[in-house]
Amino acid sequence: MKSKITLSESERVTLQQLALNHPHRDVRTRETGLLMLARGVKPSQITAEIGCSLRVIYNWVHTWHNSGIAGLLGGHAGDRYLAMTPEMIATAVEAASAKPLTLARIAQCVEAKQGSLPCTLETLANMPILFNPVENVRRKSCNVHGSECLKSL
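So for the sequence shown, the working numbering puts the first residue at 1187; every next one is plus one.
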């Protein structure tokens, strides 16, 4: 498996913010490892520096290529299960990336497209990907078209 990843500027900034600010250590470690891969550091060097196996690094790369940032955020096993589906998360990211919206407006957009939220607004507020100052954090694999919802807001 190819372990090299290429990041756009917005993806690089998003991963940096997650590596610095995410509340879960395993997520911070994963994002740091991906940033190192993007800079050309070999997986064997990364395992020595951050203390994980080669298999774990290849799993990160596979998830990145298949699902992008949304896939990486859905993999935390040290806390409760995600309340929102990947489609709901993608819709929320698209709404937050399209134009400045309040948390309530983002929730309305998700509900209009995906149905009622299975979580509170506070849970939605804890998604750092929604509040990154980067214009576009979406990858083509998680592109859920919510333009009808955005036009109505």
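Even for Gly, the Cβ is constructed at its ideal location relative to N, Cα and C. Here the structure is a predicted model, which means the values were calculated and not measured.
Beta carbon of residue i, beta carbon of residue j: below 8 Å?
i: S1189; j: L1221; result: no
i: P1133; j: A1269; result: Here the chain has residues from 1187 to 1339 only, and residue 1133 is not among them.
i: I1191; j: V1247; result: yes
i: I1292; j: A1276; result: no
According to DSSP, is residue i part of a helix, a strand, or is it coil?
i: A1269; result: coil
i: P1229; result: helix
i: C1295; result: helix
i: G1237; result: coil
i: L1303; result: coil
i: L1287; result: coil
i: T1192; result: coil
What first and last residue would you give for the alpha helix (DSSP H) that runs through residue i?
i: G1219; result: 1211-1224
i: S1196; result: 1195-1207
> Counting pairs of Cβ atoms below 8 Å between the stretch 1192-1205 and the stretch 1234-1241, do you hit three or more?
Replying inline: no
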